[in-house]
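Novice: The working numbering puts the first residue of the sequence shown at -16, with every later residue one more than the last. Quick reminder that beta carbons are idealized off the backbone N, C-alpha and C, glycines included. Quick caveat, the model's predicted, so the values are computed rather than measured.
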Amino acid sequence: MAQSGPDKTLATEHLKLSQKNRLLLLEKLIVLERLAKSEFEIRILHQKMMQDAHYFDLVITELSALQHPGLTTVVAEINLLLSSNDNTPAPAPAVAAVANNNKRWLALTAMAAVVMVAALLWLMVPQLTSAPIASQQLQMADEPIVTAGMARGSDTALSAPVAALPVGKAEIVFRLHGSNTIGEKLAPALLEAYLKSTGITEMSWVKGPVAVERQLQFVEDGVLKAIELHAHGSSTAFEDMLTGKADIGMASRAIKGDEIASLKPIAGDLSKVGNEHIVGLDGLAVIVNQNNSVSRLPVETLARIFAGEISNWSEVGGNDTPIKVITRDEHSGTWDTFKDLVLKKFDKSLVAGAIRIESSSELSRQVAADETAIGFIGLNYVGHAKALAISESQETAAIFPTRFTVGTEDYALSRRLYLYTPTAASDFVKDFARFAIDHQGQQIVQDTGLISQNLRAEKIQSPQHAPAQYRQYAQNGERLSLNFRFAKGTGELDNKGKRDLERLIEFVEQNSGRQLVLMGFADASGSPQRNAELALERAKAVEVELHARGIAVTAVESFGQELPVANNTSESGRARNRRVEVWVL
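1) Run the CB neighbour count on Val185, radius 10 Å, all protein chains shown included, and call it buried at 16 or more, exposed below.
2) With DSSP as the reference, label Lys20 as helix, strand or coil.
3) Could you tell me which of Ser553, Ala59, Asn163, His260 sits nearest to Gly424, measuring between CA atoms?
4) I'd like the span of the alpha helix (DSSP H) that includes Ser409, first residue to last.
5) Is the beta carbon of Arg279 closer than 7 Å to that of Leu371?
6) If you scan the region 179 to 245 from start to end, which runs of the beta strand (DSSP E) of 3 or more residues do you find wholly inside it?
7) May I have the straight-line CA-CA distance separating Ser553 from Lys328, to the nearest angstrom?
8) Given that a residue counts as buried once 16 or more other Cβ atoms are within 10 Å of its Cβ, and exposed if not, what is Arg532?
9) Just verifying my parser: in three-state terms, what is the DSSP assignment at Ser464?
10) Do the CB positions of Gly480 and Phe467 come within less than 7 Å of each other?
11) With distance defined between alpha-carbon atoms, name the residue in Arg559, Ala286, Val58, Gln512 nearest to Ser541.
12) The beta strand (DSSP E) spanning Arg497 covers which residue range?
13) Using the Cβ count rule (16 or more neighbours within 10 Å means buried), how would you classify His213?
14) Please state the DSSP three-state secondary structure of Phe542.
15) With DSSP as the reference, label Ile420 as helix, strand or coil.
16) Going by DSSP, name the residue or residues bridged to His260.
17) Based on the DSSP secondary-structure assignment, which residues constitute the bridge partners of Ile309?
18) Over what stretch of residues does the alpha helix (DSSP H) that includes Arg454 continue unbroken?
19) Less than 7 Å between the beta carbons of Ala395 and Ile360, yes or no?
20) Does the Cβ of Asn459 have 16 or more other Cβ atoms within 10 Å, making it buried, or fewer, making it exposed?
21) Looking at C-alpha atoms only, which residue of Ala237, Thr317, Ile210 is the closest neighbour of Pro171?
22) For the region 378 to 389 and the region 262 to 269, state whether three or more C-beta atom pairs, one from each stretch, are separated by less than 8 Å.
23) For Ile340, count neighbouring C-beta atoms within 10 Å of its own C-beta (all shown protein chains included) and say buried if the count is 16 or more, exposed if not.
24) Tell me the DSSP bridge mates of His160?
25) Within 10 angstroms of its Cβ, does His160 collect 16 or more other Cβ (buried), or is it exposed?
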């Protein structure tokens, strides 16, 4: 194999390309990188090709030798682009042609052209580090690859062209570990948007040794820095914070009492509002194949299916076929939530033959491809499967998971998504957490398919059995996409409620002239009269908080134990029934 010369650097090249052609050439190199990965599982670094002539020579020679039509076409397009540039002389071959092998000759000729492309790109990017290139070999599939940060929507797109970052070890700014539900899509989008909001535009994702580990690398003040993102499941958030491996925990369930106790000496009380950040809401969708005739199930029936007590779809009104149970892995917060909301409620255990999967996306794909399967995932992963309506019991109405029913937490399998930060966290960590729960961050939550906490008013159809006064409000007003709930055993708003007060104030300021109505509800554990009093007390407590912030309330109503959204036979169900709805007229 011919070499381009000992110790030759690209700094000696003096080709000039137009701005348009520079961008086109950069696109071609990225295509070459992706094609090598998809067709042959060969991982190359287009950034390294910009900086090292020998590596560039090796890549082009090796890929050309594969004689793959797609790779050959891309190399030829690069050669043509260079030769057609007005200010660039036609490239000359950098290696000798191999006799009687026309394809090899074309590939090696193209190699010289691409080396010149690398020179131009290298010259256009500031050389931010002098770290040497450690290896001259292609990186194979088991090694990390640097990929350009790609847009996930208009709010998270990078406005500047992708630039080559320095080669070398990055300084870790903070480490974000935990939930796959948050870490797979939401966390990457939030991190990109947060860095962009601080004025950073050059960033790249670096994949780790496994699919759920990566780094977001960026340049700040000439220094290569990185944010570490590991998404192995909610339990690992608290395990890694305890062992000093994580600075922020991501969880798709609330922190448990024993976790609070173990982390308190080193991180502070993570149940407090300054440490626990509800970043969004998610509905735990129970999914089946679209061809499955079953459309709704009570939670108890669902528990029996996942416990293996019901093993044929004909037992719940479907076809006479066995049920294949697919679940998330044991480290997943999605699994923890399902276990708590469904299995533990009825003292059930998961059937021994259940298939366990680490990725929510993969679980959804498997259910969508199998008419006998049933599984559960976050609402934004339903994909090509079908979500079932779920009822708390045979006596309560089945509710489909929608953005509104999850936002109000009326849907039986709604859940909150959390970020946890230590009391003494760095400003960088605290600023990111604040960004995630503020309006801009919540818009990104919505863009990634989860449920934003930004408030919206919606016209709803009241139940036929609702009290006449409630039906009147439903006819004349709109309901906001939140319910105020209270900390367990207290009359104090929970952490979400405290943040929702700020969001409600913002909504009122932006919708001047609209009148607020607060409606209190209670569980059915006491007498109807006492429950009506308790419901009114809760609504009045919210009114006091709003008045203290200068917000007027037009009416405060109590509907006692009417219109339960959950079963009153369990503590979790009673807690969901104790709520304050907010309406606007």
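Specialist: In short, the structure shows the following:
1) The question names Val, but residue 185 in the sequence shown is Glu. That one is buried.
2) helix
3) His260
4) Neither: Ser409 is in no alpha helix (DSSP H) and is coded neither H nor E.
5) yes
6) 186 to 190, 196 to 203, 206 to 213, 231 to 234
7) 8 Å
8) exposed
9) strand
10) yes
11) Gln512
12) Where Arg497 is concerned, there is no enclosing beta strand (DSSP E), given that its DSSP letter is neither H nor E.
13) buried
14) coil
15) helix
16) Leu402
17) Ile338
18) 451 to 459
19) no
20) exposed
21) Ile210
22) yes
23) buried
24) His213, Gly232
25) buried
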